[in-house]
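For reference, the structure discussed in these notes is given below.
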Amino acid sequence: MLAKVTKTLKKYNMLTQGEKVVVGVSGGADSIAMLYALNELIEYGLELIVAHLNHGIRGDEAKRDADFVKETAKTLGLTFVYGEVDTVKYKEEQGLSLEDAARTLRYKFFDQVLSKHYATKLATAHTLDDQAETVLMRLIRGSGSKGLSGIPPVSNNRIRPLIDTNRKEIEEFLRSKNVSWINDSTNESNEFLRNKIRHDLIPELETYNPQIKETLSRTADILRSEEKFISSEALKHFEETFSTNKSE
Numbered sequence: 374m375l376a377k378v379t380k381t382l383k384k385y386n387m388l389t390q391g392e393k394v395v396v397g398v399s400g401g402a403d404s405i406a407m408l409y410a411l412n413e414l415i416e417y418g419l420e421l422i423v424a425h426l427n428h429g430i431r432g433d434e435a436k437r438d439a440d441f442v443k444e445t446a447k448t449l450g451l452t453f454v455y456g457e458v459d460t461v462k463y464k465e466e467q468g469l470s471l472e473d474a475a476r477t478l479r480y481k482f483f484d485q486v487l488s489k490h491y492a493t494k495l496a497t498a499h500t501l502d503d504q505a506e507t508v509l510m511r512l513i514r515g516s517g518s519k520g521l522s523g524i525p526p527v528s529n530n531r532i533r534p535l536i537d538t539n540r541k542e543i544e545e546f547l548r549s550k551n552v553s554w555i556n557d558s559t560n561e562s563n564e565f566l567r568n569k570i571r572h573d574l575i576p577e578l579e580t581y582n583p584q585i586k587e588t589l590s591r592t593a594d595i596l597r598s599e600e601k602f603i604s605s606e607a608l609k610h611f612e613e614t615f616s617t618n619k620s621e
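What follows is the structure, encoded as structure tokens:
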């Protein structure tokens, strides 16, 4: 897995030597694997900051997660930053779904950590599985090529080092290092569309194509490239047509 992460970092030019990186860590397998992988890439000379947000949804289980991530950071000798929010209250105030409210608050927290610690990048643990689920979720809800291009590997200062790595590889990596992780009970609930896709739809699609996750991820890459080309061409022609330097 480490070789694949390194390949992804280079493929998308995610990191440069000596950067200070905020690593979003929930305590699940994906984020723990990402943290360990980035910490082992000594050739980059990274300074890692472990950031964990308690969304205020799961009570004692959330406290368990925070304690686990804090201890993991301590074991690795890394700075740990903790935050708490009231996601349910924010959801009601903003008229959002619980999932959207949690995502918004999470990135607000990460942005604050980035600013406070003068970090240059935020690493989040989106995987190849997440990419496949996102493409299907947007297809079901209705989306154009931009939406179906899925999760960008790099978005401003946000990077996704595991975007080409699947969950099976991640768990094998952690087991090979005898590293444990914790499971979020909300990942088992079919209350969320993403979980329904993960537990029901993808296993069904795998009976038609065992490599469906890789296929969907590849499709997202193609659509992202096409969207980038179309946008750049449109901008180029727009500037040519409406150039302020063009004589009237």
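In terms of the numbering used here, the sequence shown opens at residue 374 and continues consecutively.
Yeah, the Cβ is synthetic: ideal placement off N, Cα and C, and Gly gets one too.
Check                                                                                                                                                            : Outcome
Express the C-alpha separation of residue 464 and residue 483 in angstroms, rounding to a whole number.                                                          : 18 Å
Which runs of the alpha helix (DSSP H), 4 residues or longer, sit entirely within the stretch 517-566?                                                           : 518-521, 540-549
Can you tell me which of 448, 432, 505, 594 puts its alpha carbon nearest to the alpha carbon of residue 578?                                                    : 505
Taking Cβ to Cβ, would you say residue 396 is nearer than 8 Å to residue 388?                                                                                    : no
What is the DSSP secondary structure of residue 455, reduced to helix, strand or coil?                                                                           : strand
Kindly indicate the opening and closing residues of the beta strand (DSSP E) around residue 495.                                                                 : 494-496
By DSSP, does residue 392 sit in helix, in strand, or in coil?                                                                                                   : coil
Are the beta-carbon atoms belonging to residue 460 and residue 474 less than 8 Å from one another?                                                               : yes
What residue from 382, 410, 394 has the CA that sits closest to residue 351's CA?                                                                                : The question about residue 351 has no answer here: the residues shown for the chain are numbered 374 through 621.
Along the chain, where does the beta strand (DSSP E) containing residue 420 start, and where does it finish?                                                     : 420-427
How big is the Cα-Cα spacing for residue 468 and residue 486?                                                                                                    : 26 Å
Just the C-alpha distance for residue 445 and residue 437, rounded to the nearest angstrom, thanks.                                                              : 12 Å
Tell me, please, which residues DSSP counts as bridged to residue 397.                                                                                           : 424
From the DSSP output, in three-state form, read off residue 610 for me.                                                                                          : helix
Looking only at C-alpha atoms, which of 456, 478, 610, 455 sits nearest to residue 466?                                                                          : 478
Could you give the residue range of the alpha helix (DSSP H) that holds residue 412?                                                                             : 402-413
Of the residues 472, 549, 428, 523, which one's Cα is nearest the Cα of residue 589?                                                                             : 523
Does the contact criterion of 3 or more C-beta pairs under 8 Å hold for the stretch 491-499 versus the stretch 531-545?                                          : yes
Taking 7 Å as the limit between beta carbons, can you name the residues of its chain near residue 441, skipping five residues before and five after?             : 400, 555
When burial is assigned at 16 or more other CB atoms within 10 Å of the CB, is residue 509 buried or exposed?                                                    : buried
Which ranges does the alpha helix (DSSP H) cover as unbroken runs of at least 4 residues, wholly within the stretch 573-603, from first to last along the chain? : 575-579
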